[in-house]
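Participant:
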Amino acid sequence: MTLAALEETETVAAAASPDAKSEAMLRLLTCGSVDDGKSTLIGRLLWDAAGVTDDQRAAILHASHNRAVNGERIDFSLLLDGLVAEREQGITIDIAWRYFETERRRFVIIDSPGHEQYTRNMATGASHADVAILLVDARHGVKRQTRRHAAICNLVGIKKVVLAVNKMDQIDWSEARYRAIEADFQALAESFDFTEITTIPVAALTGANVVARSAEMPWYEGPTLLDHLESVDPKAEAEDEPFRMPVQLVLRASNDFRGYAGTVTSGAIRVGDRVVDARSGLGATLRRIATMDGDQPSAKKGDAVTLVLDTDLDISRGAVLSEVKRRPVNADVIEARLVWLSEAPFDPEAGYLLRTATDLTPVTSMSVSALVDFETLASAQAHACSVNDIADCRILLGRSTALDLFRDLPLTGNFVLVSAIDGATVAGGVISWVQTGAAAVGDNVLVLDRARLAGLCADLGDSPADLAEFERRAQEVAILLRSAGVPVLIETDQ
Amino acid sequence: MTALTSHLKLLEAESIHIFREAAAQFRTPVLLYSIGKDSTVLLHLARKAFWPAKPPFPLLHVDTTWKFHDMIAFRDRTAKELGLDLIVHTNHDGLARGINPFDHPPSVYTDIMKTQALRQALDAGGFDAAFGGARRDEEASRAKERVFSFRAAGHSWDPRLQRPEMWQLLNGRLGKGETVRIFPLSNWTEADVWRYITLEKLDVVPLYFAAERPVVVRDGQIIMVDDERMRLQPGEKPQMRRVRFRTLGCYPLTAAIESEASDLDSIVTETLEARVSERAGRLIDHDQAGAMEMKKREGYF
Numbered sequence: 029m030t031l032a033a034l035e036e037t038e039t040v041a042a043a044a045s046p047d048a049k050s051e052a053m054l055r056l057l058t059c060g061s062v063d064d065g066k067s068t069l070i071g072r073l074l075w076d077a078a079g080v081t082d083d084q085r086a087a088i089l090h091a092s093h094n095r096a097v098n099g100e101r102i103d104f105s106l107l108l109d110g111l112v113a114e115r116e117q118g119i120t121i122d123i124a125w126r127y128f129e130t131e132r133r134r135f136v137i138i139d140s141p142g143h144e145q146y147t148r149n150m151a152t153g154a155s156h157a158d159v160a161i162l163l164v165d166a167r168h169g170v171k172r173q174t175r176r177h178a179a180i181c182n183l184v185g186i187k188k189v190v191l192a193v194n195k196m197d198q199i200d201w202s203e204a205r206y207r208a209i210e211a212d213f214q215a216l217a218e219s220f221d222f223t224e225i226t227t228i229p230v231a232a233l234t235g236a237n238v239v240a241r242s243a244e245m246p247w248y249e250g251p252t253l254l255d256h257l258e259s260v261d262p263k264a265e266a267e268d269e270p271f272r273m274p275v276q277l278v279l280r281a282s283n284d285f286r287g288y289a290g291t292v293t294s295g296a297i298r299v300g301d302r303v304v305d306a307r308s309g310l311g312a313t314l315r316r317i318a319t320m321d322g323d324q325p326s327a328k329k330g331d332a333v334t335l336v337l338d339t340d341l342d343i344s345r346g347a348v349l350s351e352v353k354r355r356p357v358n359a360d361v362i363e364a365r366l367v368w369l370s371e372a373p374f375d376p377e378a379g380y381l382l383r384t385a386t387d388l389t390p391v392t393s394m395s396v397s398a399l400v401d402f403e404t405l406a407s408a409q410a411h412a413c414s415v416n417d418i419a420d421c422r423i424l425l426g427r428s429t430a431l432d433l434f435r436d437l438p439l440t441g442n443f444v445l446v447s448a449i450d451g452a453t454v455a456g457g458v459i460s461w462v463q464t465g466a467a468a469v470g471d472n473v474l475v476l477d478r479a480r481l482a483g484l485c486a487d488l489g490d491s492p493a494d495l496a497e498f499e500r501r502a503q504e505v506a507i508l509l510r511s512a513g514v515p516v517l518i519e520t521d522q
Numbered sequence: 075m076t077a078l079t080s081h082l083k084l085l086e087a088e089s090i091h092i093f094r095e096a097a098a099q100f101r102t103p104v105l106l107y108s109i110g111k112d113s114t115v116l117l118h119l120a121r122k123a124f125w126p127a128k129p130p131f132p133l134l135h136v137d138t139t140w141k142f143h144d145m146i147a148f149r150d151r152t153a154k155e156l157g158l159d160l161i162v163h164t165n166h167d168g169l170a171r172g173i174n175p176f177d178h179p180p181s182v183y184t185d186i187m188k189t190q191a192l193r194q195a196l197d198a199g200g201f202d203a204a205f206g207g208a209r210r211d212e213e214a215s216r217a218k219e220r221v222f223s224f225r226a227a228g229h230s231w232d233p234r235l236q237r238p239e240m241w242q243l244l245n246g247r248l249g250k251g252e253t254v255r256i257f258p259l260s261n262w263t264e265a266d267v268w269r270y271i272t273l274e275k276l277d278v279v280p281l282y283f284a285a286e287r288p289v290v291v292r293d294g295q296i297i298m299v300d301d302e303r304m305r306l307q308p309g310e311k312p313q314m315r316r317v318r319f320r321t322l323g324c325y326p327l328t329a330a331i332e333s334e335a336s337d338l339d340s341i342v343t344e345t346l347e348a349r350v351s352e353r354a355g356r357l358i359d360h361d362q363a364g365a366m367e368m369k370k371r372e373g374y375f
């Protein structure tokens, strides 16, 4: 295809032609217990969907012959298990990223390890995926590690899951067995927030229902794995999300340029809109969206931009710029669910730091309240957690930072926990509850709302212009009070 | 306004995000500039990430003295035009010992003139972070690498102990003696790089375009005779053939492909239809099993 034709295709895709290539890349995770055949399934998918070059084919055929694994067949796992140790031991240790395109779509496949000891790598892979293929071996059904992986997929925010019941050739293509596994999984998935579960019977080694339809399972009328992956809608974008841009850097250049650089994590913004810094409550008007390709009139989720404001908010890395009405909470107490990734167990005495979008906040104290039981998927009361556990916890921060709930805005509601000693990432988590808490509760903080400023703002109504004016006055008052040492919060809850 | 497709726009934004996170979290970063198409895209993205300011780090080129002459000319012109600080480092100890790609096996030559040279340059500059243009689609061990890839003291990579890297959150906090290699192009494919170069109208080394060049054929690989140092074997005589390069390195170790692709459009077409992977022309990758991983463990990119 020429480049001109390629651009043509993509323009057509935008015009919603069902046959044209979908523009968005599908990020696909494969997970499940060890030996259920993940790498083989993906190898088969790549092999049959032509994602393998001639020299790679030759190398795989050569290596398969040397190893004589799987009898006379090709060892597809060699396409993904790229580390020497993986090839020597015949296992997957870390995630592998494979990119390929079919006529209809671009894919990145993130193949994850099944061994419990490498769960941290699986969690890494899952957090980058739109859709998860969860494999089970048809002979053994859903295992403990299958449930753990499903729970991690759920925790990191994956909504669409494919349950691939593999090795159907080993159970004589039995529909009854397949239906039983499907029912098992449907039952356990009730604990999760998946919005779409598609079950497909496959045999990775023979290729049945991977790319080509299987003649052995006439009772299965659904799509093949590739068919499904080419048509699944990666992400239902939430509409009308509030604007957020965590500030990565303050960029300064030739005398008067001062811009806040960052990636928009949700919503959209236009030049002329009001923005606020949630931490200080101070606001400004967006004057320019500056990029090397020229100024832009607007920016939306995913855009990496530099915002120039009409007034200097005196903020730096770690601040979150948001729209005025729906702001993040300036919180110093959070409740969260996390997956523990470090070999060293949680230690209440150890020092931790909370890395959120662009902020790094010291943890004052942290406690575990419950652990997920991977047999029942229920939470049970607990006070300790260690590697590969999923735990509920409460974290008190040394200072407040702008946060959202993960279920509302994932990219400003997630975090990793960092060891203050060696910098290691010890856990990844999602925020389920926040409070402007410990230091700021009660009588110490003066809340400036409409009631408190009734006299000053008696002339103001509820029009957008008046609300903006209220905000401006409240900020002026806040600046004065803060300079006199009075802690202040501005509340504009309309 | 550029006319990037939404797919490329997403990749571009992700790379810019990575550059900014790194600039905010590390004290003395450096950009490893190896002059090829990936470095061209890498540098362009670095400029976008900090515009209107200049990228807050120098470029580093590890020069084995065996790079194509066109590459060196392109490197010097680029640094000058963009007004960027360029550090060129050669392992002079290796040079003095006469290490060269003809007398020494690729693994030995690469280790001394590239890997050791890189370690020397990073240590000399006190760099705690180095950006590289490696992509996960290039090679099996690179397919396993993180965006922030941590190296123990001595620059060694332990693929069994990679730091978890969840969501868009990049944790750059270093342990004692650690440094980090950063790969903003991790999720780009070869085709993405060429599409981007085309749409952004970026200048690349002319060796990527097909032209009549003096070559010899050795073990089925087409090697260009770039200067008089090329050692010809008995009976070998350079002949003119219409070739281009998919990847650029040291000229005696980088095979050309026969091609008619003399503009960007035809390169993109050729890349999309390629039946052989990109690094098939890199002789240093095939010297032994797991060659790339071995080199990476020693501190190579």
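Which chain is which? The protein sequence lines are Z and U, in order. Each residue of the first sequence is one higher than the one before, counting from 29 in my numbering. Each residue of the second sequence is one higher than the one before, counting from 75 in my numbering. Positions of the beta carbon are idealized from the N, C-alpha and C atoms, including for glycine. This structure is a prediction, so every number in the text was calculated from the model and none was measured.
(1) Quick one: residues in its chain with C-beta nearer than 6 Å to the C-beta of U/Ser-89, no 5 flanking neighbours on either side, listed in chain order?
(2) In the DSSP output, what is U/Phe-222 paired with across the bridge?
(3) Look up U/Lys-122 in the DSSP assignment and say whether it is helix, strand or coil.
(4) Assign U/Ile-109 to one of three DSSP states: helix, strand, or coil.
(5) Quick check for students: name the residue ranges of the beta strand (DSSP E) that lie wholly in the region 151-205 of chain Z, counting only runs of 3 or more.
(6) Of the choices U/Arg-305, U/Lys-83, U/Pro-126, U/Leu-105, whose alpha-carbon is the least far from that of U/Phe-93?
(7) Between the alpha carbons of Z/Gly-250 and Z/Ile-228, how many angstroms are there, rounded?
(8) For Z/Asp-360, report the span of its beta strand (DSSP E) as first-last.
(9) Which chain U residues sit within Cβ distance under 8 Å of Z/Leu-369?
(10) Could you pull out every residue in the same chain whose Cβ sits closer than 6 Å to the Cβ of Z/His-143, ignoring the five residues on either side in sequence?
(11) With 16 other CB atoms within 10 Å as the buried threshold, where does U/His-143 fall?
(12) Any idea what DSSP makes of Z/Leu-216, helix, strand or coil?
(13) Less than 6 Å between C-beta atoms, sequence neighbours within five positions excluded: which residues of the same chain meet that for Z/Asp-462?
(14) What span of residues does the beta strand (DSSP E) with Z/Val-396 cover, start to end?
(15) Just mark U/Ile-109 as buried or exposed, buried being the case when its beta carbon has 16 or more other beta carbons within 10 Å.
(16) Any residues in the region 214-234 of chain U with a beta carbon nearer than 7 Å to a beta carbon of chain Z? Which ones, in chain order?
(17) Flag Z/Ile-423 as yes if its beta-carbon sits less than 7 Å from any beta-carbon of chain A, otherwise no.
(18) Hey, how far is the Cα of Z/Pro-325 from the Cα of U/Val-254?
(19) Could you please tell me which residues of the region 116-138 of chain U, in chain order, have their CB closer than 7 Å to any CB of chain Z?
(20) Can you have a look at U/Asp-185 and say buried or exposed, based on whether 16 or more other CB atoms are within 10 angstroms of its CB?
(21) Expressed to the nearest angstrom, what Euclidean distance is found between the alpha-carbon atoms of Z/Ala-231 and Z/Asn-194?
(22) Measure from the alpha carbon of Z/Ala-25 to the alpha carbon of each residue in Z/Arg-132, Z/Ile-180, Z/Ser-242, then state which is nearest.
(23) In this structure, how does DSSP classify Z/Val-475 when only helix, strand and coil are distinguished?
(24) Does the beta-carbon of Z/Asp-494, which I'm using as the reference point, lie nearer than 6 Å to any heavy atom of the ligand SAH?
(25) Output, in chain order, the set of chain Z residues within a Cβ distance shorter than 7 Å of U/Asp-211.
(26) For Z/Ser-344 and chain U, any beta-carbon pair shorter than 7 Å?
(27) CA-CA distance, Z/Ala-506 and Z/Thr-293?
(28) Taking any Cβ of chain U, which residues in the region 322-343 of chain Z have a Cβ under 7 Å from it, in chain order?
(29) Just checking, does the region 280-300 of chain U make contact with the region 328-348 of chain U on the three C-beta pairs under 8 Å criterion?
(30) Hey, would you say Z/Gly-169 sits closer than 7 Å to Z/Ile-225, going by beta carbons?
(31) What residues from chain U crowd round Z/Leu-111, counting only those whose CB sits closer than 9 Å?
(32) Taking its Cβ as the centre, do 16 or more other Cβ atoms sit within 10 Å of U/Gly-157, making it buried, or is it exposed?
(33) Between Z/Glu-504, Z/Phe-402, Z/Ser-447, Z/Gln-503, which has its C-alpha nearest Z/Thr-174's C-alpha?
(34) Which residues of the region 79-111 of chain U have a Cβ closer than 7 Å to any Cβ of chain Z? Give them in chain order.
(35) With distance defined between alpha-carbon atoms, name the residue in Z/Ala-482, Z/Arg-500, Z/Glu-129, Z/Phe-498 nearest to U/Thr-345.
(36) I need the boundaries of the alpha helix (DSSP H) containing U/Phe-93, first residue and last residue.
Facilitator: Walking through what the data contain:
(1) Leu-119, Pro-258
(2) U/Ile-256
(3) helix
(4) coil
(5) 159-165, 188-194
(6) U/Leu-105
(7) 7 Å
(8) 357-368
(9) Pro-238
(10) Val-62
(11) exposed
(12) helix
(13) Residue 462 of chain Z is actually Val in this sequence, not Asp. Around Z/Val-462: Val-357, Ala-359, Ile-362, Leu-431.
(14) 388-400
(15) buried
(16) Ala-214, Ser-215, Ala-217, Lys-218, Pro-233, Arg-234
(17) The question asks about chain A, but that chain is absent: this structure's protein chains are Z and U.
(18) 37 Å
(19) Arg-121, Lys-122, Phe-124, Trp-125, Pro-126, Ala-127
(20) buried
(21) 5 Å
(22) Past the boundaries of the shown model lies residue 25 of chain Z; chain Z is included only from 29 to 522, so the question cannot be answered.
(23) strand
(24) The ligand SAH is absent from the structure shown, which contains no ligand whatsoever.
(25) Tyr-127
(26) no
(27) 28 Å
(28) Gly-322, Gly-330, Asp-331, Ala-332
(29) yes
(30) no
(31) Ala-214, Ser-215, Lys-218, Pro-233, Arg-234, Gly-364, Glu-367
(32) exposed
(33) Z/Phe-402
(34) Thr-79, Ser-80, His-81, Leu-84, Ala-87, Ile-90, His-91, Arg-94, Glu-95, Ala-97, Ala-98
(35) Z/Glu-129
(36) 80-99
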